[in-house]
Ligand code: DC
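Numbering (the numbering used here), first residue to last: 6 to 654.
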């Protein structure tokens, strides 16, 4: 799937059960693998990042069985992996890479190579390598100094004493070191140089180590002590709580689009959580959202008075803070997120990426080395969002759909931590309503659709006009209607504007011009080109906005709005349509013979019906409305009656 198109959403409500926490799953897997005894891990996350860790542990010789309920049974290797040589591919899983690098560097007699995706090879690891070298770790950079891939061939560990590690680039260096140190058997003190960022993640590390039998003492966030002869022992059963970073998208959804009567509820994190990202809820509350927290669940809904922008130091919630950046689209005034320099070395440079994408939606964004400030637009613009192979970009920008229709490119990147994010998201949101009216040329659908839209106060999409505009733009640019590639380019760069029944192309009004016989025939030809249809798809979906849309064309119900709750197929015999068209032309003072018009209509019907892409036909779930004996008024009334029936159904 190359993209997912989201129409503008008008409400959110319901319950989501969160997938297991990534941070906890990967730490628990490693600890269970290193521990003495067998561990049953319940509710682990199944995603790309945890798959990389699992795969690596299996290659290292650890026995892991999948259980029927999604759990995992891990046979602990008691401090030493069975395999002493291995090459491991860790994708873009930061936690897995850093913690395995530390563990394997402190395994004397091993020979390991650790690799990742190209982006992983751009993410720094020098601070961790420097720390491991103090303990005798023999580590080579196989690419650029300071970055993966790594080769680890430690011959002898120098156990104990004091190890220094820098804490201001990534807290995962300290996490990796702490997880691995008990393997040395010696009492060791880790001293953090510089400010330690993302402290809540280190808290998770300490908490999990304790659950596996090793208590590290800490003094503030500067010094950590691992006792001598520390050994990991299985807790037997280990339950993974829901992912608090994943919770942020749904809590924000509630804060933007839910009511007190029907809030959004997330299950799997609450008071009892050990994840720092639960503090995201405090940030949302500061924006004005109503949040309620239970032991293992949270609920959110929008405040009656709307959300407010905030200024926040986000050091404690580096991942969930991304969700604040898109929530800011729906807040009054500016939101400034500071102390987020670590965003620049994550899956992508998240500060730059976020600034670019929010800009597409119309926000005024200011970007600094370690901050981002967002001033929302009055109304977000529809936009095609790039996700930079970054799961969190995809998930937090889905929220923008509350402001405008958005296309999210490469949505499958959410597989890193939340493979079924989009299906879950769709379950909780209500899109703006849409009525799809299809039918052959001169069936009256355009007039009827426009009237229905006016009566309901909905937007109106005349999709045929887009094909007509494409034909006209090509004619003016000297592009041949049969040249598929060039035509796709024309369609993609169409400079069109619609306003109150009038149409502009490149700033010039062409309302009448696109209705000429020549352009009508051209439209029907260019509409048969798949590349033209693909290029116009999001442009049509961008009309799917609050409070609702009526679209007319040939493929409204089949391709453009297949989920439309009301689909209508309007038709009349070619004879009747030809006669209607003749009268229409006569009113404009143009004369044409009935026979000529009939021939033209029949030719267009044939082309529209027989083309392989999006042919004109009545969808199974479309209601047929035969208008031969009905006037515009009666047809409009019938459609409105069907719509009100649909509303009460
Ligand atoms: O509805 P109309 O007559 O303005 O459409 C002009 C041409 O565009 C028509 O011959 C078929 C094509 N068209 C299409 O293929 N799909 C649509 N959704 C709308 C129009």
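Idealized CB from N, CA, C, for every residue including glycine.
For residue 614, same chain residues with a beta-carbon under 6 Å away, outside a window of 5 residues either side, are 620 and 621 in chain order. Pairing residue 91 with residue 65 gives a Cβ-Cβ distance under 7 Å. Residues of the same chain with a CB within less than 6 Å of the CB of residue 157, apart from the 5 flanking positions on each side, are 109, 110, 117 and 144 in chain order. With contacts defined by Cβ atoms closer than 7 Å, residue 170 and residue 182 form a contacting pair.
Separation of residue 72 and residue 630 (C-alpha to C-alpha, rounded to the nearest whole angstrom) is 54 Å. Residue burial is scored here from C-beta neighbours: residue 533 has at least 16 other C-beta atoms within 10 angstroms and is therefore classed as buried.
Apart from the 5 residues on each side of it in sequence, residue 390 sits with its Cβ closer than 6 Å to the Cβ of 362, 402, 411 and 413 in its chain, given in chain order. Taking 6 Å as the cut-off, one finds no heavy atom of the ligand DC near enough to the beta carbon of residue 586. In this structure, the C-beta of residue 106 stays at least 6 Å away from each heavy atom of the ligand DC. Contact check for residue 346 against residue 375 passes: the beta carbons are separated by less than 7 Å. If you check the C-beta of residue 206 against the ligand DC, you find no heavy atom less than 6 Å away. DSSP, reduced to helix, strand and coil, places residue 625 outside both helices and strands of the structure shown, so it counts as coil. From the listed residues 184, 120 and 453, the smallest Cα separation to residue 32 is found for 184. Cα atoms of residue 321 and residue 174: separation of roughly 14 Å, rounded to the nearest angstrom. The segment 476-496 makes no contact with the segment 443-463: fewer than 3 CB pairs, one atom from each, lie closer than 8 Å.
The C-beta of residue 234 has fewer than 16 other C-beta atoms within 10 Å across all chains shown, which makes the residue exposed.
Buried is the label assigned to residue 48, since at least 16 other Cβ atoms lie within 10 Å of its Cβ. In chain order, 474, 477, 478, 500 and 501 place their CB closer than 7 Å to the CB of residue 510, counting only its own chain and leaving out the 5 sequence neighbours on each side.
Setting aside the 5 residues that flank it on each side, residue 23 is surrounded in the same chain by 247, 248, 251, 252, 271, 272, 273 and 274, each with a C-beta closer than 7 Å to its C-beta; the list follows chain order. Of the candidates 357, 279 and 380, the residue whose Cα lies closest to the Cα of residue 340 is 380. As the crow flies, the alpha-carbon of residue 294 is around 49 Å from that of residue 142.
When the Cα atoms are used, residue 186 and residue 351 turn out to be separated by approximately 25 Å. In terms of CA proximity to residue 165, 195 leads the group 70, 176 and 195. Counting other Cβ atoms within 10 Å of its Cβ, residue 150 stays below 16 and is therefore classed as exposed.
In this structure the segment 301-308 touches the segment 254-264; the number of beta carbon pairs closer than 8 Å is three or more. Straight-line spacing of the CA atoms in residue 650 and residue 470 works out to 30 Å. Residue state for residue 237 is assigned as coil, using DSSP reduced to three classes.
Following the DSSP letters along the chain, one finds residue 525 inside the alpha helix (DSSP H) bounded by residues 522-531. Placement of the Cβ of residue 529 at a distance of less than 6 Å from at least one heavy atom of the ligand DC is found. Take residue 472, set aside five residues on each side of it, and the residues of its chain with a beta-carbon closer than 8 Å to its own are 528, 529, 531, 532, 537 and 541, in chain order. At a threshold of 6 Å, residue 446 counts as near the ligand DC, since its beta carbon sits closer than that to one of the ligand's heavy atoms.
Contact annotation: the segment 34-48 touches the segment 72-83, with at least three C-beta pairs closer than 8 Å. For residue 179 and residue 288, the gap between their C-alpha atoms comes out near 26 Å. Taking 6 Å as the cut-off, the C-beta of residue 469 counts as close to a heavy atom of the ligand DC. With a cutoff of 7 Å on beta-carbon distance, residue 387 and residue 409 are scored as near each other.
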